[in-house]
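Everything below concerns the one structure shown next.
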Amino acid sequence: MKVTVAGAGYVGLVTSACLAEIGHQVTCIDIQQEKITMLQSGRSPFYEPGLESLLEKNMKTKQLQFTTNPHEAYSGAEIIFITVGTPEKHDGSADLKYIHVVSHTIAHYIDQDTIICTKSTVPVGTNELIQHIIESRKPPNLCVEVVANPEFLREGSAIVDFFHGDRIIIGTRQADLTDKIEQLYRPLQIPIFITDIRSAELIKYASNAFLATKISFINEMANICEKIGANIDEVAYGIGQDKRIGPHFLKAGLGYGGSCFPKDTKALVQFGTDRKHQLELLEAVIQINNRQHSLAVKMAQQTIGSLHGKKVALLGLAFKADTDDVRESAALTIAKELLEAGAIVTAYDPIALANAQKILGNEIKYAQDIHKALTGADLVIIATDWEHIKLLPLEMYVTNMSEPIVIDGRNCYSLEAIRRYPITYRSIGRPTIWKEDYLKGTQHDEMD
Ligand code: UGA
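Reminder that position 91 of the sequence shown reads as 91 in our numbering, one-by-one numbering, no gaps.
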């Protein structure tokens, strides 16, 4: 099938590469020449496991091509995916300017009947707006049907998610027009749920809002665990055994970040406010998450007092592991709060240093190597659960730091493992381990 993907961002590129991989003829268009030139030379503008090799493979076989030329992209397209960004406006609502631009362009350049699938996360009613824009500007002899087809890809595992998603949502005003889309997705063998457009649009927001709620809920429980001496890992496992709750998305930490949950939860709240409907639960979810982003620095201050002049190693800058994306990352809040408190910060991340530096500038130092970040540090804060950080031999904290105090914002280590070293260790919703307890233990052993 001849498919065009409008927007070479995160969703657009993953969609393009994966659709080409299952045999479709894909053209991906973007208005940014620089990005397209980079892609044409076989490089991805961001890190996503497996993406670059899929792009390379499908460009070689000419299943996939990139262009900035709308005539080339839209003529002959049977299905067009809209994957342009919907960034956050000052009031939290979604900015639809790119949706407007792409809708006008599509209307101008299509030359046959087409189905438009909107993958961008858009507020309820936007697909009707796209239909209206295209309807009123397209050549009168052509039929265009706009359907909502939200994506559920996670950064870091987007390729796997594309091929093994739980469901494909199609929101349409005419269920009998979806044959072509079903045909397009058939090789994936993923269940397809066909519904009305507005419900499909809300399914996307509601999914992200529900997942964000799970995270804020478990973080709320983690904070109470600390007060009462319980362990959130045990609590999460215990509640997750109940099939009605499920074990996923119950990892306590410094809260959610990224380009989706923070933006989509705020957009949904704003969407309600605009309609004089307050989404109280979601407001609390957002508030808890903001509080959680600031928790690590508070813990650091509780542990060593003033951070003024203290050397702090910040491990992890990406909003989660396996991505170089730092948007809304808790690590950025932590870095800013540490600087405000007068700390000297050295940050390490395996791949997100450059992106973080664009935002944080040179007020903090950047270490290419985890050991360099730790050397001489008075305290370490772990903000991202990189496998690399999880696998770090724990004696590194003891031998490299001037004082082995670890604030683990992602619960990377088991308490049993930590107890084998003279480390002061605080994590989220789990008992604190004091270096002194280890030392007392060894003295007992010696006396025995
Ligand atoms: C999220 C959704 O999971 C995708 O389904 C959706 O398609 C995407 O947003 C989007 O709207 O485009 P993503 O933001 O890439 O995907 O990453 P997640 O793996 O969902 O993680 C989001 C945040 O939640 C991260 O900061 C992560 O550290 C945090 N998290 C996740 C927790 O703190 N605890 C958990 O148990 C799970």
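Even glycine gets a Cβ: it sits at the ideal position worked out from N, Cα and C.
These figures come from a predicted structure and were not determined experimentally.
Check, Outcome
"Neighbour-count burial assignment, Ile228, 16 or more Cβ in a 10 Å radius", "exposed"
"Given 8 angstroms, three or more beta-carbon pairs between the segment 149-156 and the segment 131-140", "no"
"Burial state of Phe193 (16 or more Cβ within 10 Å)", "exposed"
"Other residues of its chain near Met1: CB distance less than 6 angstroms, five sequence neighbours each side excluded", "His24, Glu78, Leu184"
"Distance between Lys251 and Ala343 (C-alpha atoms, nearest Å)", "29 angstroms"
"Identity of the residues DSSP links to Ser427 by a beta bridge", "Asp408"
"Bridge-paired residues (DSSP) for Thr15", "Bridge partners of Thr15: none, in fact."
"Proximity to Phe261 [Cα-Cα], best of Ile433, Val398, Tyr425, Leu153", "Leu153"
"Secondary structure of Cys143, DSSP reduced to three states", "coil"
"Distance, Ser41 Cα to Cys117 Cα", "28 angstroms"
"DSSP state of Ile99 mapped onto helix, strand, coil", "helix"
"Bridge partners - Ile170, DSSP secondary structure assignment", "Ile194"
"Residue range of the unbroken beta strand (DSSP E) whose run includes Lys2", "2-6"
"Cβ pair count under 8 angstroms reaching 3, the segment 374-381 against the segment 307-321", "yes"
"Bounding residues of the alpha helix (DSSP H) (the contiguous stretch that carries Phe261)", "261-274"
"Among Glu21, Asn69, Gly76, Pro70, nearest to Glu52 - alpha-carbon criterion", "Glu21"
"Arg154 CB to nearest heavy atom of the ligand UGA below 7 angstroms", "yes"
"Lys298: first and last residue of the uninterrupted alpha helix (DSSP H) it sits in", "295-304"
"Given Tyr366 as reference, the closest of Gly316, Ile106, Ile82 once Cα atoms are compared", "Gly316"
"Straight-line Cα distance separating Glu283 from Thr213", "10 angstroms"
"Limits of the unbroken alpha helix (DSSP H) element including Leu415", "415-419"
"Proximity test, Thr121 beta-carbon vs the ligand UGA heavy atom, cut-off 7 angstroms", "yes"
"Distance between Ser199 and Val235 (C-alpha atoms, nearest Å)", "34 angstroms"
"Of the residues Asp196, Glu363, Thr4, Gly7, the one placed nearest Ala341, counting alpha carbons only", "Glu363"
"Beta strand (DSSP E) segment containing Ile79, residue limits", "79-82"
"Touch test, the segment 390-404 against the segment 422-430, Cβ-Cβ under 8 angstroms, three pairs minimum", "yes"
"Cys412 beta carbon near the ligand UGA (any heavy atom closer than 7 angstroms)", "no"
"The segment 2-18 / the segment 75-90 touching (three or more Cβ pairs under 8 angstroms)", "yes"
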